[in-house]
Every structure is written in C-alpha cells, then in structure tokens.
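Presented below is the structure to which this report refers.
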Amino acid sequence: MQYQEDHYYIQQTRKGNLQSFGTLVEKHERKVFTLCLRMLKNQEESEEAAQDAFVKAYQHLHGFSGNSKFTTWLFRIAYNECLGRLRKRKNEFALVEELTEDMDPPAQWQDGLSELLRTEREKMIKESLEKLSAQEGAILTLFYLEEFSIKEISSVTAMTESNVKVTLHRGRKNLAILLQKSVHKDLIGIK
Amino acid sequence: MKKKPTINTDFLGQWIKDAGSETPPLGFSQRIMAQIQLLPQRNYQPVISPLGWKLIIGYITTILLTVLYFIPSENSGQNLWSKVPLYKLPKFPLDKINLAIPTISINGPMLIATMAFLILGIVSWWYTYKNNYFQT
Numbered sequence: 001m002q003y004q005e006d007h008y009y010i011q012q013t014r015k016g017n018l019q020s021f022g023t024l025v026e027k028h029e030r031k032v033f034t035l036c037l038r039m040l041k042n043q044e045e046s047e048e049a050a051q052d053a054f055v056k057a058y059q060h061l062h063g064f065s066g067n068s069k070f071t072t073w074l075f076r077i078a079y080n081e082c083l084g085r086l087r088k089r090k091n092e093f094a095l096v097e098e099l100t101e102d103m104d105p106p107a108q109w110q111d112g113l114s115e116l117l118r119t120e121r122e123k124m125i126k127e128s129l130e131k132l133s134a135q136e137g138a139i140l141t142l143f144y145l146e147e148f149s150i151k152e153i154s155s156v157t158a159m160t161e162s163n164v165k166v167t168l169h170r171g172r173k174n175l176a177i178l179l180q181k182s183v184h185k186d187l188i189g190i191k
Numbered sequence: 192m193k194k195k196p197t198i199n200t201d202f203l204g205q206w207i208k209d210a211g212s213e214t215p216p217l218g219f220s221q222r223i224m225a226q227i228q229l230l231p232q233r234n235y236q237p238v239i240s241p242l243g244w245k246l247i248i249g250y251i252t253t254i255l256l257t258v259l260y261f262i263p264s265e266n267s268g269q270n271l272w273s274k275v276p277l278y279k280l281p282k283f284p285l286d287k288i289n290l291a292i293p294t295i296s297i298n299g300p301m302l303i304a305t306m307a308f309l310i311l312g313i314v315s316w317w318y319t320y321k322n323n324y325f326q327t
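So the sequences go chain by chain: C and D.
Sequential numbering from 1 applies to the first sequence in the working numbering.
Sequential numbering from 192 applies to the second sequence in the working numbering.
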C-alpha cells in the first residue's frame with residue numbers, strides 16, 4: 001500500500017478523522033511491534049505494549065509539535081512503555097546471560113553463517129537478538145532496521161549520544177558472540 | 192599468551208536488515224482502533240482560531256491605515272486627529288435638579304478605538320457562541 005507522509009495523517013486526525021489515525025497505525029505497526037518484541041521478548045506482552053503505545057500516541061497527538069520525525073516520537077512512547085513494563089517485571093537485567101569470548105570459535109564462523117539458508121540465518125539472528133538486553137536489542141533495531149542516527153536514538157531512549165554509541169558497540173559484540181555460539185552448536189551438533 | 196580472537200561485526204547490520212521486522216498478530220490495528228473509539232473523542236482546536244487570526248489582522252490593518260491616514264502633513268505640522276470633531280454627550284438639565292455632575296467629553300481617536308473594540312468584541316463573541324451552541 002502506498003502511504004502519504006505522516007504529517008498528512010496527523011493533520012487529518014487532528015481534524016477528527018479517526019480513519020487517518022488507523023492508516024498511521026497500519027503504516028507503523030510492524031516497526032513498533034518489532035521494537036517492543038526486541039525489548040520485551042514476549043509476543044503477548046509486546047502486542048499489549050505496542051497497542052498501548054499507539055493509544056497513548058493518539059491521546060497525546062495534540063502535543064506532537066513536529067520538531068522531530070513522527071516515528072522518533074512514536075518510538076519514544078513505545079520505548080518508555082516497554083521500559084515501564086520491564087521495571088514492573090524487574091527482570092530486565094536477568095535476561096542477559098554472561099557473554100564471553102573465551103570459547104574458541106570455529107574457523108570462519110561468519111562464512112558458515114553466510115552459507116546457511118537465508119531463512120535459517122534470519123531465524124538464528126532473531127533468536128540471538130532476543131537474547132540481548134532490552135536496551136541493546138532496541139538500539140540495534142533502531143540503528144540497523146530503522147536506520148536512525150545516533151542523535152535520533154538518543155532522543156528516543158533519553159540516553160546521551162556517547163552512551164548510545166557504547167551500547168551499540170556492546171550490542172553488536174554480544175550479538176556476534178551469540179551468533180558465534182549458535183553456529184558453533186550447529187556445527188558440532190549439540191543444540 | 193593466547194591472543195583473543197577478534198570479532199568482525201561489519202556484516203551484522205546487513206543481516207539484521209535481512210532478518211526484517213516482526214509481523215504483529217492478525218487484527219492488531221483493528222484492536223487498537225477499537226480501543227481508541229472507546230476513548231472520549233477529542234476535538235483538536237488551535238489556540239487562536241482562523242477567525243481570531245482574521246480579527247487580529249483586520250484590527251492591525253485598520254490601525255495602520257488609520258495612522259497612515261492621519262499622519263500630520265509637513266506644512267501644517269499639526270496632528271490630523273485634531274480635525275476629527277469632538278463628540279459631546281448630551282447634557283442633562285442638571286441645573287434644574289441642582290446637581291453638579293462633570294460632563295464627559297470623548298475625543299475622536301478614543302471614540303473610534305472604543306467602537307472598534309466593541310465591534311470586534313461583539314463579532315468574536317458571536318462566533319464563539321455560535322460555534323459552541325451548534326457543536327453541542
């Protein structure tokens with residue numbers, strides 16, 4: 001489906017056209033749901049969080065000044081919603097297992113991963129992304145999938161730009177280690 | 192000492208992109224819209240309505256034009272406002288009741304300004320009243 005610019009739908013919604021907000025939801029539902037899933041690691045809770053984020057966005061649409069991109073604003077709402085849920089769960093730090101580089105990697109493990117079927121590789125990457133911490137998962141998603149700049153990510157997460165860079169670096173490294181472990185397990189058949 | 196293997200992460204970005212985004216369950220957006228429809232609908236209105244802006248612009252333009260029109264000429268050096276006749280309120284026959292009340296005299300500019308405010312005030316009040324009355 002061909003969508004128009006976000007501000008068009010925002011203006012229409014402000015005029016009372018509810019259908020326009022529906023289009024806005026359809027346009028961004030995948031992105032918001034993905035961010036929630038990367039942070040919460042749970043399908044049902046991510047669905048609830050994404051829904052709540054959209055409802056909050058609707059309720060506060062009059063406060064959206066348009067100084068930033070609508071997606072930046074929307075992601076900030078979704079990110080905060082997920083953080084709130086994580087705080088309630090109080091296990092956000094328990095999600096990350098201690099990742100170390102001590103194991104001897106099989107030679108050219110990246111090549112091994114490249115050679116996997118695309119669907120298998122995607123599955124493996126998604127599984128590994130789910131093992132990252134909420135922050136790392138969110139930042140990697142925003143940086144690579146949404147192609148947000150460091151400044152935009154900083155605006156979404158309320159972290160300093162240097163903190164974002166550090167988290168991004170750590171997330172990349174942890175993801176590589178997790179992928180390396182998965183490939184290693186596959187290769188030696190001890191899944 | 193054994194050197195730790197370095198991890199190349201250059202390829203990760205492309206693979207994350209390839210993995211793509213997640214698809215929400217069926218009926219996801221419909222459920223959101225159903226939730227939103229249950230909320231009290233908000234009518235977003237600008238702080239200054241289009242009519243308000245028209246009145247402000249009209250008022251400023253009137254003042255500007257009036258000022259330009261009444262700018263004193265170089266020859267006379269006299270303010271042209273003075274040419275506007277003074278309006279005197281009718282006198283009551285106070286002498287008959289033996290009461291001393293001061294007479295109010297309003298000069299031209301003051302009278303015009305008061306009239307302009309009154310007219311604009313009545314127009315804006317009428318539109319606000321009309322909008323509120325017909326919306327509710």
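Quick reminder that beta carbons are idealized off the backbone N, C-alpha and C, glycines included.
Whole alpha helix (DSSP H) elements within the segment 4 to 58 of chain C, 4-residue minimum: Whole alpha helix (DSSP H) segments, 4+ residues: 6 to 14 and 18 to 40.
How about N174 (chain C) and E136 (chain C): do their beta carbons lie closer than 8 Å? Yes.
Where does V258 (chain D) land, buried or exposed, given buried means 16+ other C-beta within 10 angstroms? By the 10 Å Cβ count, V258 (chain D) comes out exposed.
Would you mind stating whether L179 (chain C) and S133 (chain C) have Cβ atoms separated by less than 8 Å? Taking the C-beta atoms as reference points, S133 (chain C) is found no nearer than 8 Å to L179 (chain C).
Close beta carbons around R14 (chain C), own chain, < 8 Å, minus the five adjacent residues each side: Setting aside the 5 residues that flank it on each side, R14 (chain C) is surrounded in the same chain by L61 and H62, each with a C-beta closer than 8 Å to its C-beta; the list follows chain order.
Count Cβ pairs between the segment 212 to 222 of chain D and the segment 24 to 39 of chain C that sit closer than 8 Å; are there 3 or more? Cβ pair count under 8 Å is three or more, so yes.
Give me, in chain order, the residues of the same chain whose beta-carbon lies closer than 8 Å to that of T294 (chain D); leave out the 5 immediate sequence neighbours on both sides. The beta carbon of T294 (chain D) sits closer than 8 Å to those of K279, L280 and K282, all from its chain and outside the five residues before and after it, given in chain order.
Cβ-based burial, A107 (chain C) [other Cβ within 10 Å; buried from 16]: Caution applies to A107 (chain C), whose pLDDT of 49 falls short of 50 and renders its modelled position unreliable; the model cannot decide the point.
Is any heavy atom of the ligand PLP found at a distance shorter than 7 Å from the C-beta of I139 (chain C)? Here there are no bound small molecules, and the ligand PLP is not part of this structure.
Bridge partners - I297 (chain D), DSSP secondary structure assignment: I297 (chain D) pairs with D:Y278.
Buried or exposed: where does M301 (chain D) fall if 16 or more other Cβ atoms within 10 Å of its Cβ makes it buried? Result: exposed.
Going along chain D in order, which residues have a C-beta closer than 8 Å to the C-beta of V166 (chain C)? Going along chain D, no residue has its Cβ under 8 Å from V166 (chain C), so there is no contact; the nearest lies around 14 Å.
According to DSSP, is E136 (chain C) helix, strand or coil? Looking at E136 (chain C) - three-state DSSP - the assignment turns out to be helix.
Any beta-carbon of chain C closer than 8 Å to the one on T214 (chain D)? Yes, T214 (chain D) lies at the interface with chain C (some Cβ there is under 8 Å from its Cβ).
Is there contact between the segment 43 to 63 of chain C and the segment 163 to 172 of chain C, where contact requires at least three CB pairs shorter than 8 Å? The segment 43 to 63 of chain C makes no contact with the segment 163 to 172 of chain C, as fewer than three CB pairs between them are under 8 Å.
Spell out whether any CB of chain C is found under 8 Å from the CB atom of L230 (chain D). At a cut-off of 8 Å, the C-beta of L230 (chain D) has a neighbouring C-beta in chain C.
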